[in-house]
Structure formats: C-alpha cells, structure tokens
Amino acid sequence: MGFLRLFLALSVIAGHSNTPVFGFWGVSGWYAVNAFFVISGFYMAMVLNEKYKDLSSVTFYKSRIFRLFPTYYVGLILALVVSYSAISIHFDTLSIGSKIYFILQNIFIVGQDLAYVFCVGTSTGVCAHPVAMTINPPAWSLAVELGFYLIAPFILKSAKKTYLFFAVGCIYLLLLNGVSFPTSALSLLGEWLAPVGAANSPVFNYYFYPSSFIFFGGGALAYHLSKRVSEPSYFLSIATVLALAFTTTVMPFWHLLFFAISIPVVFKYTKSNRVDRLVGELSYPAYILHFPILLFLKEYSVSHPQYFTFVNLGTLVAIISCCLGLVVYHLVDKRVDSYRHSRDFLSARVNEGDGRYLMFSRALVLAYFLFPAIVIGGIYASQAELRAVPSKSALSLTDQNWLNGVSRNGDGFVVEDKRANIKKYTVGTVVKFSNGELRTIVRVVGSSPYLNVYLDGPALDGSVVGFPQEIEIVK
1 MGFLRLFLAL
11 SVIAGHSNTP
21 VFGFWGVSGW
31 YAVNAFFVIS
41 GFYMAMVLNE
51 KYKDLSSVTF
61 YKSRIFRLFP
71 TYYVGLILAL
81 VVSYSAISIH
91 FDTLSIGSKI
101 YFILQNIFIV
111 GQDLAYVFCV
121 GTSTGVCAHP
131 VAMTINPPAW
141 SLAVELGFYL
151 IAPFILKSAK
161 KTYLFFAVGC
171 IYLLLLNGVS
181 FPTSALSLLG
191 EWLAPVGAAN
201 SPVFNYYFYP
211 SSFIFFGGGA
221 LAYHLSKRVS
231 EPSYFLSIAT
241 VLALAFTTTV
251 MPFWHLLFFA
261 ISIPVVFKYT
271 KSNRVDRLVG
281 ELSYPAYILH
291 FPILLFLKEY
301 SVSHPQYFTF
311 VNLGTLVAII
321 SCCLGLVVYH
331 LVDKRVDSYR
341 HSRDFLSARV
351 NEGDGRYLMF
361 SRALVLAYFL
371 FPAIVIGGIY
381 ASQAELRAVP
391 SKSALSLTDQ
401 NWLNGVSRNG
411 DGFVVEDKRA
421 NIKKYTVGTV
431 VKFSNGELRT
441 IVRVVGSSPY
451 LNVYLDGPAL
461 DGSVVGFPQE
471 IEIVK
C-alpha cells in the first residue's frame, strides 16, 4: 500500500510539473487524487471499526488533526517563503471579506475547495482565481479530507450508512447531468463575494466535495465487504453499477469499482512490511511539499537550464520532495504519530464538554449534507427557464477535440442536449455564425449531456465562431 500511495503522489508531481518522474508519467494528477480518496475511505473505515471502535469521536477528530496539520503548516511556511511576493500582491487585490476568507481558509484548511465553486471577489469586483486563494494549492484536497473526517464517525461504523453515503454521492453526480455548464458563479457573502464569473463541470465533479463521496464511500464499502460474511444484495449491486454508469468523474466508475475492491487485498499483503510502511509515510509530505519546490525550481530552470540537462524538472522535484519529506517525517510526523498512538492519548477520558462537541459536530454533519443540496437546488432553479430556451452559442468546451465548443477535427459544434435545442437544431436548418458564414445542418447526434451538430462545408475555426459567439438560425 505504501508504494501505491507514493506512486500516486509522484503522479501528481508529474502532472503539476508537466514532465515525467523517473521516466514515467504515472496516472493523471486528478485521477491520483480520486485514488487517494478511495484509500482514505478504506483506512478510515478500518480504524473506526477497529482501533477507534470504543473511543469517542472527539478522540478521532483530534487524531486526524494531529495527522494533517503539522506537515501542512510546514508546507504552508515553505510556500510563503517561495512565493511571498506573489501571494502578497494577490492578497492586496482582494476585498475585505475575501481577505478574511483567505486568511481563515489557509490557517484552518477548511473551505479551500469552496474557492473553486464560489466567486471570491476582488476590490475591482471580479472573481479571484481559485488557485491563487490557496497559499499551497494542493491543500484543497485536504479540505475535502477534513470534511470527510467530520462525518466519518457517524457513518463508517455501519455498512448500511456507508452505502447510503455512497448512494448520496452517486445521486449528486447524476444530478449534475441536468446542469447546464458553465454555471453562474454563486455568492455566499453578498457584496464580499462578487456575484460574477462562471463554473465549469470540473468544478462540480472534481473540486466540490460531494463529488468525493463515491470515492471515500467506495473505499469504505470495500472494507465492510472484506469483513462481511454474508453476500451483499445482488439486485442492489446491479442497480448501483447501472447508476454509476451514467455519472461523469475523472476516475471512470469501473476503475473505481476494481480499484476499491483491490485495496483490502493490497493492504492484507503489505500491512506487515516495514519498508512499504516507511515508503507510504513519504507520500503525504511529498504531496503537500512538492508545489512550492516546483515553483522555485521552475523559475530556476528558466535562468539556469544547463542544470536540468540530465535530470528533468519533475524528477528533481520528486527527489527533493521525498528527501525533504523524509526529514519532516522523522522530525515532525514520527513524533506526532508517537503521541497520537500513545496510551495516554487513546485512553484519555471524555471530558464534560465532549457531549457539547458531539452536538456541535452533528449539526455540522447536517450542514455538510444540506449545503450541496442547496447549491444544486439553486442551480436547477436558476436554470429552469434556460432549459426551455435554445442555446444561442456553442458550449464552452475546450479539450483535445473541441475548441470553444467547435470541433477541431470536423465540421460541427456542440450544444447542450436538451429538448429546446433538439427542436431548434434539425437537419436541413441553415445557421449563421458571427463571422457571417452560412452552413446547413446535415446531421445531429445526441450524446448526453451534449448534442453534436454537424454541418456541410469545411471545418470551422473555434477561435472565431466558438463560445461565446452567437449562432443564428436563418431558416
């Protein structure tokens, strides 16, 4: 398990540096983060049903805080040292409310993922870039982890509750199929957060914390299944797989299924291996420390390219991150772990305030699940009228196949797959683009959530007629 975790951390480094690490690219950085969530779900289910079975939730919370925060603060300090000038310039551009939000989320980690969902306003009234809102950008995933830790003691001790948690995540992803992207940016703090900007689908199926439910839940379910004597419901399993088939995530659903099922087996055969355990301990420090190291070396590689002839940027970042991670592990993590695994820590009696803490945590758990429902409900309500109106431009879709919603390889464009567009964009209809070109629709293919519209004539230029340029129906 340790080598697997380090492999995933190195994959993130390769993705961020855009260079291979030790000659390999690994998996995509986004995919690696999803895999980390699956592993975390398995581990948390295991410790809550075994080591922490008879301990209070407060003890569990304290243990997770001691696990994450010391190394996080090392990475935070390193990032401030490397990028203080850029961070201070960005901080000066924020509105008063956004400055408070910036400080709090970087101190307490919580909320760093929400900067991708909500428009954090600057003094000029535009949205701040979400990456710039986090001093050490990879830490957004720690915010997602902390949210999961909050609800874990109330859910993971029961296989049924764990499945319901997984099902809620699946329902959330299915609901995203009915959302038109990009969405208008949401505002929680009124004038403190500028109500402008837009959020694309990766924000909701990757950064927004409900998208992680199926990964945390998948890992936790794998633990329960590995300990279960009776077989799970056949029909419920089939229904779950069918529902997952209609979701869109970075890690495809069938990868999730096989990866989650393999985790208990990998853990069983590596749990007693000291070398594997030590290697695994490097994964978290390497992950959280690599970004400031990358920024420093990237700037240095521009001014001194001769030093990167034999060792590329990604490999050098990985080596330094692992070496520094080893130092942090021995000087910080190992000592903290020794304390949080000690008899004094685990046998500490629940104090009188523990009941109040639990009431507060239960209220937070309720808010944790209600908040995404409010967000998605608000988006559905705001887009209700838009669904009845046909699209006036191609979708804001840019990847290796599309440029601003226009095909790079063919003669067509893509709009949202909805009834109004199906009625508007029909075979034989003539459309007029912003540059005056007239084309006739020769074929329409629906592939939810997209409607592909193919035209006669040569390929279109997405940089000219693509989103947000309007498309007019002539006849």
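Under UniProt numbering, the first residue of the sequence shown is numbered 1, with each subsequent residue one higher.
C-beta atoms are modelled at their ideal positions from N, C-alpha and C, and glycine is treated no differently.
What did DSSP end up calling residue i once you bin it into helix, strand or coil?
i, result
"F22", "coil"
"C170", "helix"
"E50", "coil"
"G15", "helix"
"N205", "helix"
"L289", "helix"
"F310", "coil"
"L142", "helix"
"C127", "strand"
"V110", "coil"
"F3", "helix"
"V328", "helix"
"I473", "strand"
"T162", "helix"
"F433", "coil"
Using the beta-carbon count (16 or more within 10 Å), is residue i buried or exposed?
i, result
"K418", "buried"
"F22", "exposed"
"R343", "exposed"
"A194", "Because the pLDDT at A194 is just 38, under 50, the model does not fix this residue reliably, and the value given afterwards should be weighed accordingly. The residue in question, A194, is buried, as its Cβ has 16 or more Cβ neighbours within 10 Å."
"G197", "Confidence at G197 is low in this model, with a pLDDT of 43, below 50, so the placement of that residue is unreliable and no value is reported for it."
"I441", "buried"
"Q105", "buried"
"M1", "buried"
"P232", "exposed"
"N34", "buried"
"N409", "exposed"
"A363", "exposed"
"G457", "exposed"
"V265", "exposed"
"A128", "buried"
In whole angstroms, what is the alpha-carbon distance linking residue i and residue j?
i, j, result
"N18", "A420", "41 Å"
"F296", "I13", "14 Å"
"R277", "V445", "51 Å"
"R356", "F60", "16 Å"
"A115", "M133", "7 Å"
"G218", "A243", "14 Å"
"F369", "G26", "34 Å"
"D98", "L76", "Here residue 98 is Ser; the residue named in the question, Asp, does not match the sequence. Rounded to whole angstroms, S98 to L76 spans 19 Å at the Cα level."
"V431", "L294", "48 Å"
"K334", "E416", "52 Å"
"L395", "I319", "42 Å"
"A222", "S201", "28 Å"
"Q112", "T124", "22 Å"
"G378", "V389", "18 Å"
"A245", "Y454", "27 Å"
"Y207", "V117", "8 Å"
"Y209", "M359", "23 Å"
"N435", "Q383", "29 Å"
"A86", "V427", "52 Å"
"V38", "A220", "8 Å"
"V308", "I422", "Checking the sequence shown, residue 308 turns out to be Phe, not Val. For F308 and I422, the distance between alpha carbons rounds to 54 Å."
"A32", "L8", "5 Å"
"V328", "T71", "7 Å"
"E472", "S57", "59 Å"
"G466", "E50", "56 Å"
"V279", "V81", "27 Å"
"G314", "P20", "6 Å"
"A381", "N312", "50 Å"
"P449", "V179", "9 Å"
Under 8 Å by Cβ, that's how I've got residue i and residue j pegged, so tell me the actual separation to the nearest angstrom.
i, j, result
"I103", "C170", "Contact flag wrong, Cβ pair sits at about 36 Å."
"A159", "H224", "4 Å"
"P372", "G325", "No, P372 and G325 are not in contact; Cβ-Cβ is about 33 Å, not under 8 Å."
"L176", "T248", "7 Å"
"V212", "F148", "At residue 212 the sequence reads Ser, which differs from the Val that was named. Right, the Cβ-Cβ distance comes to about 7 Å (below 8 Å), so this counts as a contact."
"L146", "P292", "Not quite, the Cβ-Cβ distance comes to about 21 Å (not below 8 Å), so this is no contact."
"V406", "L366", "About 45 Å separates the two Cβ atoms, so there is no contact after all."
"L173", "N205", "6 Å"
"L316", "L6", "Incorrect: roughly 17 Å between the Cβ atoms, too far for contact."
"S393", "Q306", "Rounded, the Cβ-Cβ distance is 48 Å, inconsistent with contact."
"V414", "L451", "7 Å"
"I288", "A139", "7 Å"
Within the 8 Å Cβ cut-off, does residue i reach chain C?
i, result
"F36", "Looking at the structure shown, chain C is missing, and only one protein chain is on hand."
Return yes when the C-beta of residue i is under 7 Å from any heavy atom of the ligand COA, and no when it is not.
i, result
"F267", "This structure lacks the ligand COA; in fact it carries no ligand of any kind."
Legend entry - Completely contained alpha helix (DSSP H) runs for the stretch 338–409, where each covers 4 or more residues: Counting only runs that start and end inside the stretch 338–409, the alpha helix (DSSP H) elements of at least 4 residues fall at 343–346 and 354–387.
Inset, instruction - Report the residue ranges of all alpha helix (DSSP H) runs contained in full by the stretch 437–470; include only those spanning at least 4 residues, in chain order. - result: Listed in chain order, the complete alpha helix (DSSP H) runs (minimum 4 residues) inside the stretch 437–470 are 462–465.
Inset, instruction - Go through the stretch 226–305 residue by residue and report every complete run of the alpha helix (DSSP H) that reaches 4 residues or more, in order. - result: Runs of alpha helix (DSSP H) with 4 or more residues, each lying fully within the stretch 226–305, are found at 234–244, 253–270, 274–281 and 283–303, listed in chain order.
Legend entry - Complete alpha helix (DSSP H) runs within the stretch 55–109 (minimum length 4 residues, chain order): Counting only runs of at least 4 residues, the stretch 55–109 fully encloses the following alpha helix (DSSP H) elements, listed from N- to C-terminal order: 57–93 and 96–108.
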